[in-house]
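Structure first, then comments.
Number of protein chains: 2
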Amino acid sequence: MIHNRYVRLRSRPCGKIGQDDFELSSMALPSPEQGQLLLKNRLLSIDPGVRNLLGAKEGYLPPIAVGAPVTCSVLGEVIQSRHDAFAEGDLVVGRGMMGEYSVVTPDALCWKVDKASAHTLSNALGVLGNTGRTAYFGLLEVGRPEPGGTVLVSGASGSVGSLVGQIARIKGCRAVGIAGGEQKCRMLRDEFGFDVAIDYLGKSDEELHAAIVAACPDGIDVFFDNVGGRVLDSTLPAMNFGGRVVLCGLISQYDGASPPVMANLFMIVAKALHVRGFLLPQFADRYDEAVAFLEGAIARRELYFREEILDGLEAAIPAFVRQFNASTAGKTMVQLS
Amino acid sequence: MIHNRYVRLRSRPCGKIGQDDFELSSMALPSPEQGQLLLKNRLLSIDPGVRNLLGAKEGYLPPIAVGAPVTCSVLGEVIQSRHDAFAEGDLVVGRGMMGEYSVVTPDALCWKVDKASAHTLSNALGVLGNTGRTAYFGLLEVGRPEPGGTVLVSGASGSVGSLVGQIARIKGCRAVGIAGGEQKCRMLRDEFGFDVAIDYLGKSDEELHAAIVAACPDGIDVFFDNVGGRVLDSTLPAMNFGGRVVLCGLISQYDGASPPVMANLFMIVAKALHVRGFLLPQFADRYDEAVAFLEGAIARRELYFREEILDGLEAAIPAFVRQFNASTAGKTMVQLS
């Protein structure tokens, strides 16, 4: 019987989340059932998207119950396998528990990590994992940018957004990023290679729209949106006719406290826009293609992936909460010994 | 020199429009320039979509200036042609003036009417014109319904919506319509053949959502939206994974007075929805296909088109304003002698 220390949801947050909404706890872990794996977690992915699962509403997964473990993407070593495709000792990425161990049921978000790969484990969980694959399929399959086009990215200093801008540049597009604060905007230009960076902090909706128009003199062909709300609303009138809006996340709305007023949705009609949401598992049969592209771009030094790796389970709660204070950039992970 | 009596925009309406925002006036009509046609209007199409052009914001066309003629779709007889493809005496549908005469520049919304056709002129302007073509391409090309699927239509008693429901049924779908009031809901079932009708009047957002869920036990595959706002927001959580939302119009938002609060946009991500706006001219090279389908369906008595034809230019202003009082159904036109 394994005792698992883990992060559990203490109360259902309404509005801004705080560390008090979570607590460390410990539980006797049930043995994996037929078809499941028991993992010793090595790395936890700290993703703002998990915020969706903390509200009372059904999102892309059922809500996490108060008192239940917080789930997240993990990289772990198989210490017990009851699934034919996995053996003890395998390294696996999967949807697990924010804790020392996870019981995982392999699905479209679960795969074996190549131990012979030259890449680090954090790369396997991040740029070659959900993050990089989401950026790849979201931009190229949902957004379908064309060389010479303009790609606007919100949440551009985040783990997915920073990759989207770079993939857009690799594909011959002009990349414009929106982020909060001068420091992040400098990062967009200097580290991630965006052509232009827009700081949304301190700007009214009209000022934000004007800044977007100024940064995109040929209009916007593809908007990759991680933010939603007023950022989306201010962007719609600057889209080109027939443009694509890729909805990857709507971090501004995850707290559910203040649903946004959308004044410009008619632009979807007037400009014949395609607005599409997507989830990574829709592209599960093409993961190899994404990984080959990402590995190639990393090898050619065309893709830079910013990682912050924190130590120990105690770091998970503050790291998760910090995602919503606009104070992080790139990908945050927690390493367990 | 022709003196043209016409409807002009008297003041830029804010919020609900009224008859005072318009007035009848008279002007000396300029001669058509090279490439243009002078039409004697026989029928004026009274479309709520024109409301978009009365605000200060750029929509699908530039706003109509205060004091300028109100434009609309017309059917008229060519009395002077300076375009090689048209001759005097031709009957033409085009984007013209809400008045006795129009000067028209042929474009993707302009075509010759077959005088030998057995159809009435009002059919040529309506069910075989922009209205029917919009319903056809919007539902079948943008919405792509599959037999056995559920198609939800808002503004379902309107000129486009009433055809969309019938085309959905022809294609083997279940058609559910939303309209305002018991009389219109009866019309949806009895005249237009919808499987179920939902009355949105007097319902809170939660009640509307619950009514939609109850009317669509298998979820919604295609939502054809003419309304936007709370109707759209209440529908999103009832969509099936990968469903399509066709944005044809957003009549609830045309007054620009109270942009809607949208609480459920994350459903676009969580359910991987396709939300698409469109404009009829995008399908200009396939008009023949739509007309053949619509004529066939009319001949087989599978398609019922409700028309209200009013007499004289004086009727145009009250008819247009009435579109926004939820008191009309089907297609309204004005006939000029």
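Protein chains in written order, with my numbering: chain A, 38 to 374; chain B, 38 to 374. Ideal Cβ placement from N, Cα and C applies to all residues, glycine included. This structure is a prediction, so every number in the text was calculated from the model and none was measured.
Legend entry - Proximity to residue 138 of chain B [Cα-Cα], best of B:80, B:124, B:167 and B:148: Taking the second sequence and counting its residues from 1, one reaches residue 138 of chain B at position 101. The shortest C-alpha separation from residue 138 of chain B is found at B:80.
Inset, instruction - Could you confirm whether any beta carbon from chain A is found closer than 9 angstroms to the beta carbon of residue 360 of chain B? - result: Counting from one through the second sequence, the residue named residue 360 of chain B turns up at place 323. By this cut-off, residue 360 of chain B is not an interface position.
Inset, instruction - Quick one: give me the first and last residue of the alpha helix (DSSP H) that residue 170 of chain A is part of. - result: Residue numbering aside, residue 170 of chain A sits at position 133 when the first sequence is read from its first letter. Note, residue 170 of chain A: alpha helix (DSSP H), 167 to 174.
Legend entry - Contact set between the region 179 to 208 of chain B and chain A, restricted to residues whose Cβ is under 7 angstroms from the partner: none
Legend entry - Cβ distance (whole Å) where residue 49 of chain A is taken to contact residue 103 of chain A below 8 angstroms: Counting from 1 along the first sequence, the entry for residue 49 of chain A is found at position 12. Counting from 1 along the first sequence, the entry for residue 103 of chain A is found at position 66. Yes, residue 49 of chain A and residue 103 of chain A are in contact; Cβ-Cβ is about 5 angstroms, under 8 angstroms.
Inset, instruction - Could you tell me whether any Cβ in chain A is nearer than 9 angstroms to the Cβ of residue 43 of chain B? - result: Along the second sequence, one-based indexing puts residue 43 of chain B at 6. Not an interface residue.
Legend entry - Candidates A:261, A:74, A:247 and A:63: closest to residue 120 of chain A by CA position: By one-based count along the first sequence, residue 120 of chain A stands at place 83. The candidate whose alpha carbon is nearest that of residue 120 of chain A is A:74.
Inset, instruction - Quick one: measure Cβ to Cβ for residue 233 of chain A and residue 213 of chain A, integer angstroms, because I've assumed they're closer than 8 angstroms. - result: Locating residue 233 of chain A in the first sequence gives position 196, counting from the first residue. Locating residue 213 of chain A in the first sequence gives position 176, counting from the first residue. Confirmed, Cβ separation roughly 5 angstroms.
Legend entry - is_contact[residue 264 of chain A, chain B] using C-beta, thresh 9 angstroms: Taking the first residue of the first sequence as 1, we reach residue 264 of chain A at position 227. Taking Cβ atoms only, chain B never reaches closer than 9 angstroms to residue 264 of chain A, which makes this a no.
Legend entry - Residue of A:291, A:201, A:168 and A:161 minimising C-alpha distance to residue 91 of chain A: The residue you call residue 91 of chain A lines up with position 54 of the first sequence. Taking only the C-alpha atoms, the option nearest residue 91 of chain A is A:291.
Inset, instruction - Using the Cα positions of residue 106 of chain B and residue 251 of chain B, report the straight-line distance between them to the nearest angstrom. - result: Along the second sequence, read from residue 1 onward, the residue named residue 106 of chain B stands at position 69. Along the second sequence, read from residue 1 onward, the residue named residue 251 of chain B stands at position 214. Taking the straight line from one Cα to the other gives about 46 angstroms.
Inset, instruction - Could you say which of B:261, B:259, B:229 and B:270 lies nearest to residue 247 of chain B if we only look at CA atoms? - result: One-based indexing of the second sequence puts residue 247 of chain B at position 210. Selected option, being the one with the closest Cα: B:270.
Inset, instruction - Would you verify that the beta carbon of residue 291 of chain A is, or is not, closer than 9 angstroms to some beta carbon of chain B? - result: Sequence index remark: in the first sequence, residue 291 of chain A carries index 254 (1-based). Output row for residue 291 of chain A: interface = yes.
Legend entry - Proximity below 9 angstroms, CB of residue 268 of chain A to CB of residue 289 of chain A: Residue numbering aside, residue 268 of chain A sits at position 231 when the first sequence is read from its first letter. Residue numbering aside, residue 289 of chain A sits at position 252 when the first sequence is read from its first letter. Closer than 9 angstroms, so yes.
Legend entry - Three-state secondary structure (DSSP) of residue 304 of chain A: In the first sequence, residue 304 of chain A corresponds to position 267, counting from 1. In this structure, residue 304 of chain A counts as helix in the three-state DSSP scheme.
Inset, instruction - Using the DSSP secondary-structure output, state which residues sit across from residue 65 of chain A in a beta bridge. - result: Start at 1 with the first residue of the first sequence, and residue 65 of chain A comes out as number 28. According to DSSP, residue 65 of chain A bridges with A:40.
Inset, instruction - Kindly indicate which residue of A:287, A:343 and A:340 has the alpha-carbon position closest to the one of residue 85 of chain A. - result: The sequence position of residue 85 of chain A within the first sequence is 48, counting from 1. Of the candidates A:287, A:343 and A:340, the one whose C-alpha sits nearest the C-alpha of residue 85 of chain A is A:287.
Legend entry - Own chain, CB closer than 7 angstroms to residue 113 of chain B, minus 5 neighbours either side, in chain order: Your numbering for residue 113 of chain B matches position 76 in the second sequence. Taken in chain order, the residues that qualify are 76, 77, 78, 79, 129, 133 and 139.
Inset, instruction - Return the chain-ordered ranges of every beta strand (DSSP E) run that is complete within the region 53 to 131 of chain A and spans a minimum of 3 residues. - result: 59 to 66, 74 to 83 and 108 to 118
Legend entry - Spatial neighbours of residue 154 of chain B in its chain, beta-carbon cut-off 8 angstroms, leaving aside the 5 residues before and after: Sequence index remark: in the second sequence, residue 154 of chain B carries index 117 (1-based). For residue 154 of chain B, where only same-chain residues beyond five positions count, the Cβ hits under 8 angstroms are 161.
Inset, instruction - Could you tell me which of A:259, A:47 and A:70 sits nearest to residue 61 of chain A, measuring between CA atoms? - result: Within the first sequence, the letter at position 24 stands for residue 61 of chain A. Per the Cα distances, A:47.
Inset, instruction - Can you pull the chain B residues whose beta carbon is under 9 angstroms from the beta carbon of residue 297 of chain A, in chain order? - result: As a first step, residue 297 of chain A must be located in the first sequence, where it is residue number 260. Simply 298, 299, 300 and 302.
Legend entry - Beta carbon proximity, residue 221 of chain A to chain B, threshold 9 angstroms: Translated into positions along the first sequence, residue 221 of chain A becomes position 184. No, its Cβ sits nowhere closer than 9 angstroms to a Cβ of chain B.
Inset, instruction - Return helix, strand or coil for residue 10 of chain B, following the three-state DSSP convention. - result: This structure does not reach residue 10 of chain B, given that chain B is present from 38 up to 374, and the question cannot be answered.
Inset, instruction - Determine which residues of the region 123 to 141 of chain A have a Cβ less than 9 angstroms from any Cβ of chain B, and write them out in chain order. - result: none
Inset, instruction - Please confirm if residue 305 of chain A has its CB atom under 9 angstroms from at least one CB of chain B. - result: Numbered from its first residue, the first sequence carries residue 305 of chain A at position 268. Yes, residue 305 of chain A counts as interfacial toward chain B.
Inset, instruction - Compare the Cα-Cα distances from residue 211 of chain B to each of B:217, B:203 and B:223 and report the closest residue. - result: The count along the second sequence starts at 1 and reaches residue 211 of chain B at position 174. Out of B:217, B:203 and B:223, B:203 has the C-alpha closest to the C-alpha of residue 211 of chain B.
Inset, instruction - Quick one: residues in its chain with C-beta nearer than 8 angstroms to the C-beta of residue 324 of chain A, no 5 flanking neighbours on either side, listed in chain order? - result: Taking the first sequence and counting its residues from 1, the one referred to as residue 324 of chain A is at position 287. So the qualifying residues of the chain are 148 and 170.
Inset, instruction - Tell me residue 191 of chain B's beta-bridge partners as DSSP assigns them. - result: Indexing the second sequence from 1 puts residue 191 of chain B at position 154. DSSP output for residue 191 of chain B lists B:215 as bridge partner(s).
Legend entry - Min CB distance residue 117 of chain A to chain B below 9 angstroms: The residue given as residue 117 of chain A occupies position 80 in the first sequence. Residue 117 of chain A does not count as touching chain B.
Inset, instruction - Could you check if residue 221 of chain B is buried or exposed, using at least 16 other CB atoms within 10 Å of its CB as the buried criterion? - result: The residue labelled residue 221 of chain B in the question sits at position 184 within the second sequence. So residue 221 of chain B counts as buried.
Legend entry - residue 138 of chain B, DSSP secondary structure in three states: Reading the second sequence from its first residue, position 101 is the one you call residue 138 of chain B. If DSSP states are grouped into helix, strand and coil, residue 138 of chain B belongs with the strands.
Legend entry - chain A within 9 angstroms of residue 51 of chain B, Cβ atoms only: Within the second sequence, the letter at position 14 stands for residue 51 of chain B. So no, residue 51 of chain B is outside the interface.
Inset, instruction - Kindly identify the DSSP beta-bridge partner or partners of residue 276 of chain A. - result: As a first step, residue 276 of chain A is located in the first sequence; it is residue number 239 there, counting from the start. Residue 276 of chain A pairs with A:257.
Legend entry - Within 9 angstroms of chain B by C-beta, residues of the region 307 to 325 of chain A in sequence order: 307, 308, 309, 310, 311, 312, 313, 314, 315, 316 and 319
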